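Take the sequence shown: its position 381, counting from 1, is numbered 381 in our numbering, and each next residue is one higher.
What follows is one structure encoded as structure tokens, with my remarks underneath.
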Amino acid sequence: MKKNMTRRNFIKASGAIVSSASLGSLLWPVKSFGLGGKPKPRVVIVGGGFGGVTCARYIKKFDTNIDVTLIERDTQFVTCPFSNLVLGGLRDMNSITYNYDAVKNKDGVNVIHDEVTDIDMEKRQIKTKGGQTFDYDRAVFSPGIDFLWDKVEGYSEADVETIPHAWKAGKQTTLLKSQLEAMEDGGTFVMVAPPNPFRCPPGPYERASMIAHYLKTNKPKSKVIILDAKENFSKQPLFTKGWEALYPGMIEWVAGTKGGIVTRADAKNMELHNEAGDTIKGAVINYIPHQAAGTIARKLGLADATGWCPVNQKTFESTLHKNIHVIGDSSVSDPLPKSGYAASSEGKMCAAAVVAAINGIEMPNPSYSNTCYSLVGPDYGISIAAVYRFDGAKIISVDGAGGVSPADADESFRRAEALYASGWYTSITQELFG
Ligand SMILES: Cc1cc2nc3c(=O)[nH]c(=O)nc-3n(C[C@H](O)[C@H](O)[C@H](O)COP(=O)(O)OP(=O)(O)OC[C@H]3O[C@@H](n4cnc5c(N)ncnc54)[C@H](O)[C@@H]3O)c2cc1C
């Protein structure tokens, strides 16, 4: 009887799920399921980043009776969000580095530091490099992105020590920063921006802004060139306006058809070659490679020919393999962008879907949100926000919800958005690791 009541409550929640707070209060009764001597249902989550940590913690919040194991390769997580600020000299690495103590101690998630290498889908077992095997009833993969090294002649994984990508925060961020610090005043910083789809659509342009800020302050004769495979980019009018206001003449953006498509890289001579036959030399080069779903997801057959993982956009269950969900950057979840905010939003909804499936409850139709702040300067923030809903078949943007910062905003508005960016970062990292 209690179980039926709870089911009804769950189904009544359909369509009402927007914020994590409301989600939590709607699902709390599910906590009483599965008790009474039965073995605990087991969920194994692969990848302790924005999607994986959120999903692990929310499954435990919704249903304490589920045994949740999070397998993450590294003992510390360095956030890509705000790593551009480290390059700009506004933050240090410590301030964007987190450990998993709270994930273990506050919500009772079993955190294992090991690398997932294999899966047995028949037996429902996940295996690691360290020789461990984990049984699961449901598995969730959130392994982020990895790079495709065969897209440009002359650039391979070995070259990242000379030409860093810094598109996974950590040692690569520190390397790129030290190269900028060693660069002479008057040098050219060249960034190669990736083709779609890729992690964090506004990220390359925020990075160019932050590096321009660093150079303007420390090496004002220097230049920033962005060679872009694309014809346009996220928040382009806002970035362009900000660049004109803060760094006049310093940043040059080159579209794909105007010479932005790089065909060959030469790390030894610090040169790039484009489709037009030009040679572009950089004192520092930041090559952001073509991207695909995390290697492990592709290796285990969770990705299709596109290199990304197709999912049921209501539950994030893989359309290729049952009982396995894929969230975050690896998943095909457009129109949601590949962002930390979206990965976290998907983590919450996937947690609800997993709890519903384990308890035999119908999952209500989900809603999602995303806001991406970018800093053009220390006191100059811009943003894009959107709300999404599942329309019965796929995720769609909700018309009239969200939007971009106004083009004609004054200084105080831009300053306020820079503050909101900090507030956003504090609250999402607190939710993940606090
Ligand atoms: C420069 C930059 C700036 C950004 N700024 C923002 C921003 O301001 N706002 C925003 O919302 N987003 C931002 N992003 C995007 C954001 O970082 C990603 O969208 C987000 O991290 C995706 O979350 P995820 O869970 O898919 O992957 P991740 O957060 O990358 O987590 C994946 C985890 O899986 C682990 N892993 C992978 N394979 C295995 C394996 N086989 N075994 C065990 N563990 C494994 C990895 O070690 C990693 O910890 C930015 C990105 C970049 C590059």
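Here a beta-carbon is modelled for each residue, glycine too, at the ideal position from N, C-alpha and C.
If you're wondering where the values come from, they're calculated on a predicted model, not measured in any experiment.
Would you call the CB atoms of Val355 and Asp63 closer than 8 Å? yes
DSSP state of Phe147, grouped into three classes? strand
Is Val254 near ligand 1, going by C-beta to nearest heavy atom under 7 Å? Checking every heavy atom of ligand 1 against the Cβ of Val254, none is found closer than 7 Å.
Tell me, please, which residues DSSP counts as bridged to Ala200. Per the sequence presented here, residue 200 reads as Cys, with Ala not at that position. Under DSSP, Cys200 forms no beta bridge with any residue.
What whole-angstrom Cβ distance do Ser142 and Gly260 have, given they're in contact under 8 Å? Actually they do not touch by this definition, with Cβ atoms about 31 Å apart.
Is Ile296 a contact residue of ligand 1, with contact defined as CB to any heavy atom under 7 Å? Checking the Cβ of Ile296 against ligand 1 gives yes.
contact_flag[the region 381 to 397, the region 100 to 109] where n(CB pairs < 8 Å) is 3 or more: no
Use the C-beta contact count for Glu157: other C-beta atoms within 10 angstroms, 16 or more gives buried, fewer gives exposed. So Glu157 counts as exposed.
Could you check the C-alpha separation between Pro406 and Gly242 for me, to the nearest Å? 12 Å
Kindly list the residues whose CB is nearer than 7 Å to the CB of Glu153, restricted to its own chain and excluding five residues on each side of it in sequence; keep chain order. Counting only Cβ-Cβ distances below 7 Å, and skipping sequence neighbours, we find Thr263, Arg264.
What is the C-beta distance between Glu437 and Gly328, in whole angstroms, given that I count them as a contact (C-beta under 8 Å)? Shown here, the chain extends from 1 to 434; a query on residue 437 therefore has no answer.
What did DSSP end up calling Met93 once you bin it into helix, strand or coil? Assigned with DSSP and collapsed to three states, Met93 falls in helix.
Could you say which of Thr240, Val332, Pro204, Lys177 lies nearest to Thr315 if we only look at CA atoms? Considering only alpha carbons, the answer is Val332.
Beta-carbon separation (whole angstroms), Val387 vs Ser367, contact threshold 8 Å: 7 Å
Could you tell me whether any non-hydrogen atom of ligand 1 is closer than 7 Å to the CB of Trp308? Trp308: no, Cβ never under 7 Å from ligand 1.
Does the beta-carbon of Leu148 have 16 or more other beta-carbons within 10 angstroms, so that it is buried, or is it exposed? exposed
Pairs of beta-carbons, one from the region 249 to 257 and one from the region 222 to 236, closer than 8 Å: are there three or more? yes
Buried or exposed by the 16-neighbour rule on C-beta atoms within 10 Å, applied to Ala16: Note that Ala16 has pLDDT 38, beneath the 50 cutoff, so the model's placement of it is unreliable and no number is given.
Relative to ligand 1, is the shortest distance from any of its heavy atoms to the C-beta of Ile119 smaller than 7 Å? Not one heavy atom of ligand 1 is found less than 7 Å from the C-beta of Ile119.
Note down, in chain order, each residue of its chain lying with its Cβ closer than 6 Å to the Cβ of Pro310, except the 5 sequence neighbours on either side. Asp304, Thr319, Val332
Use the C-beta contact count for Asn99: other C-beta atoms within 10 angstroms, 16 or more gives buried, fewer gives exposed. exposed
Between Gly48 and ligand 1, is the CB less than 7 Å from at least one heavy atom? yes
According to DSSP, which residues form a beta bridge with Asp266? Looking at the DSSP assignment, Asp266 forms a beta bridge with Glu271.
How is Ile327 classed by DSSP in three states: helix, strand or coil? coil
Can you give, in chain order, each stretch of the beta strand (DSSP E) that sits fully within the region 55 to 86 and has at least 3 residues? Listed in chain order, they are 67 to 72, 76 to 78.
Just to confirm my understanding: we take Phe198, look at its own chain, exclude 5 residues before and 5 after, and list those with CB closer than 6 Å. What are they? Gln291
Among Ile163, Lys216, Asn218, which residue has its Cα nearest to the Cα of Met191? Ile163
Nearest to Gly434 by alpha carbon, out of Thr97, Asp92, Val86? Thr97
Quick check: does the Cβ of Trp167 come within less than 7 Å of any heavy atom belonging to ligand 1? Checking the Cβ of Trp167 against ligand 1 gives yes.
Sort Leu215, Leu87, Pro248 by Cα distance to Gln172 and report the nearest one. Across the set Leu215, Leu87, Pro248, the C-alpha of Leu87 shows the shortest separation from the C-alpha of Gln172.
What's the gap between the Cα of Ser32 and the Cα of Asn65? Residue placement at Ser32 cannot be trusted, given a pLDDT of 40 that sits under 50; the coordinates are not used to answer.
Starting from Gln179, follow the alpha helix (DSSP H) in both directions and report where the run begins and ends. 171 to 182
So, is Asp185 buried or exposed, given that buried needs 16 or more other C-beta atoms within 10 angstroms? exposed
Is there at least one non-hydrogen atom of ligand 1 closer than 7 Å to the beta-carbon of Ala343? yes
Look up Glu317 in the DSSP assignment and say whether it is helix, strand or coil. strand
Nearest to Val160 by alpha carbon, out of Pro378, Tyr341, Asn286? Asn286
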